[in-house]
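Protein chains in written order, with the UniProt record's numbering: chain L, 1 to 430; chain Y, 1 to 430.
Only one structure is covered here, and it is reproduced in the block below.
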């Protein structure tokens, strides 16, 4: 048993796939000691076999899924192709055949994860996906095992490296968004079409997975409010500093008394919060549990080898489970159905920057309007004057989104208001 | 099977024990959903039963180990008494009887951990100890499972909350060591006898455990060099800031080409290193793996509920393993025997603050002496003058400890040197 071989099929040989391939090659010699068996990448599914003929032995390469699904010697299917289809179908078919699955596919897990985990359970298979959230950072096992004795009230993270890189450049070098995005593109941190990163969709997918695990409730990407960073300006970042904050694109999931909040948006966060010092393309996930208190998990959220590290950790765990005949030991943990709040019912503190007529009584009118919508003001700062216009920054207390938005709609329509320049949520532990 | 009960004996009802007790009570209702069974604390071993008659039902309290070891219905023994004996004997006896064990005992695991893990293996039992390192922070499962595909070259941490609190106060409020220690004592962060914390012994024990797991090699507390924080001054912290560093008590374990380095000492670390912003009594463990790159795990390293969180995570994992009949699945992972370097053969960069005669040529003589011991100087700063004495700060490149110490011995004996005021190691990624 000690020297048995577990056969793996790798679906995809892109960034993550090549990382997985390389790590398994590197660790070959350690496998018997680490997990009591050897991992053999028996098949690699690619679109164009020619492209890989120098990296992968010819007999392992295939462009036919049937070569894999019909090969009963394959124990573990590793899906690193990305996208919803055919990944979803392949994973389902693999589980139906009793093959265990590792996936790094956040799009898929955030949309069809629960269906696939149910499928895995039926067949007593492992379906592991540590790499689908925050790349190489260990977070799923810590949540499902180490912190299982906690009621988790909050999971919050910097879970998109591209936007964190852009915001870091805007913060440290005073760049505007467009320039920082260009730099990120030039350096390969941003994709040719950066929409999924910039608009918070990528972070939203990861947040849906994190919230599902933390709150034991199915949360899908559709449930997540997303707002990107394209409207954040260097000026707002400077003003944030004056308020003792950094601006980060945060995924925030809270389990409140009246339901789950799941939202991705630019957020002002106090500089002494552990997430505030996470820079460049690094990711971090902050977790608050009733017993453990505050914890944070930090590292590389993307990249060939970091993401490959998480995938290989999953593969090796499955191999070990197979040896001990305990696959399916930790499956879906969503035994609750906590309602998910609509964005308008969530709560936050807000920062508003606006241009107002510089006239006696203006600020009193403004404060009155917020007050009539139950929006109480925590700070009101007059920043600059330009002719008869004044730039004003307001920070509210923790209020309901709906009430805040109602007051902003009214205020924006007033003649004394020239412009609502920015609205950015401010993190509140409440 | 789904509703089966796992019976637990809790050895000790101090800080950690009471946290474990409370968390299991809180989580009672969730247990069937989370782990498919119920945990019942059937026995609590204490010295003085009277003390606990209001918190623990009388029929569970015992002051006799024999009541536990001879009770075949007890599945899991949770050792949270601390100290080497009788903890070691109790754990051994429990394993011999086929009972699984969870311990939070770092002293014991850093000294006799390998012997106990061997014992667990013989009997097919789980012996888990997540709480023995960095309290509530998930670190052992991440290292043994999530990062198992990595060759880990460095594990480094702030793994003592008391000293981190003291250094934070010295940093933020300019306090001297004695005053900060007094404050820590007043606030209950430091024990009546703070030696184990202040001198780095507590951190050294945790580091031995971390190094063993990271490098797959038995490392015990005796192997660890320890140096405490009592000689750190507020002035050195100010000078560190001028050099772009914070001073932290770090446990540093490196797997170098010629062996393992394990050392605990005050360390200057660049302010942009993730460990530099870990404040107050928080802990953090930084890990570098060849695939994952840099990762960090942050949270509460001590306290009743945080440490209890880690213990309960282990208990629940064992209960799950029992259901799936795969206990002993992850045991000792020390399959290597990498030699451990003596401190004199380790390498570091060094900060030296000294008082010298303020005379032409003094610095040249000094630089020459360092040079003749192969200690090259990276920075040399003249700080203040007092009469004919000058205060000088020197930072060396990365050099061998022996060569550095040899040069310091010679320099200290020179007539032009009035005083070597401080020597503090400077973190170097080399």
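Positions of the beta carbon are idealized from the N, C-alpha and C atoms, including for glycine.
If you ignore the 5 residues before and after residue 17/L, its C-beta comes within less than 7 Å of the C-beta of 10, 80, all in its own chain and listed in chain order.
Within the DSSP secondary-structure output, residue 389/Y pairs in a beta bridge with 357/Y, 386/Y. In the DSSP assignment, no residue is bridged to residue 398/Y. Interface criterion not met: the Cβ of residue 230/L is under 7 Å from no Cβ in chain Y. Apart from sequence neighbours up to five positions away, the residues of its chain that approach residue 299/Y with a beta-carbon distance below 6 Å are 136, 137, ordered along the chain. Within the same chain, Cβ atoms closer than 8 Å to the Cβ of residue 168/Y are found at 279, 280, the five residues on either side in sequence being excluded. The stretch 87–104 of chain L makes contact with the stretch 122–134 of chain L; the number of CB pairs closer than 8 Å reaches 3 or more.
Against chain Y, the CB of residue 317/L has a partner CB under 7 Å away; the residue lies at that interface. Among the residues of chain L, those whose CB is under 8 Å from the CB of residue 320/Y are 329, 330, following chain order.
Using a CB distance below 7 Å, the part of the stretch 126–154 of chain Y facing chain L consists of 130, 136, 137, 138, 141, 142, 145, 146, 147, 148, 149, 150, ordered along the chain. Cβ-Cβ separation between residue 60/L and residue 42/L: approximately 7 Å, consistent with a contact (criterion under 8 Å). Residue pairing for residue 36/L: DSSP places it in no beta bridge. Taking C-alpha positions only, residue 404/L is separated from residue 21/L by approximately 51 Å. Here residue 156/Y carries a strand assignment [DSSP, helix/strand/coil]. Any Cβ of chain Y closer than 7 Å to the Cβ of residue 165/L would place that residue at the interface, and such an atom is absent. Residue contact with chain L for residue 296/Y: present (Cβ-Cβ distance below 7 Å to some residue of chain L).
If you draw a straight line from the Cα of residue 416/Y to the Cα of residue 383/Y, it is about 17 Å long. Taking 7 Å as the CB threshold, residue 407/L stays off the interface with chain Y.
Beta-bridge analysis with DSSP links residue 340/L to 260/L. In this structure, the CA atom of residue 77/Y is about 13 Å from the CA atom of residue 13/Y. One finds 33 in chain L with Cβ atoms closer than 7 Å to the Cβ of residue 335/Y, taken in chain order. Interface annotation, residue 245/Y: not in contact with chain L, CB-CB separation never under 7 Å. The beta carbon of residue 306/Y is closer than 6 Å to those of 135, 136, 300 in its chain, skipping five residues each way along the sequence. Taking all protein chains in view, the Cβ of residue 122/L is surrounded by fewer than 16 other Cβ atoms within 10 Å, so the residue is classified as exposed. Distance from the CA atom of residue 117/L to the CA atom of residue 206/L, rounded to whole angstroms, is 16 Å. Cβ proximity to chain L below 8 Å picks out nothing from the stretch 175–202 of chain Y.
Between residue 422/L and residue 236/L, the alpha-carbon positions lie close to 8 Å from each other.
For residue 27/L, the enclosing alpha helix (DSSP H) covers residues 15–27.
As the crow flies, the alpha-carbon of residue 381/L is around 38 Å from that of residue 193/L. Within the stretch 84–108 of chain L, no residue has its Cβ closer than 8 Å to any Cβ of chain Y. When C-beta distances to chain Y are compared with 7 Å, the residues of the stretch 249–281 of chain L below that value are 274, 277, in chain order.
Around the CB of residue 66/Y, fewer than 16 other CB atoms lie within 10 Å, so the residue is classed as exposed.
Beta-bridge pairing by DSSP links residue 127/Y to 101/Y.
Residue environment for residue 325/L: exposed (fewer than 16 other C-beta atoms within 10 angstroms of its C-beta). Looking at 164/Y, 144/Y, 302/Y, 84/Y, the one whose alpha-carbon comes closest to that of residue 228/Y is 164/Y. Your pair residue 308/Y and residue 309/L does not check out as a contact, with CB atoms roughly 30 Å apart and the cut at 8 Å.
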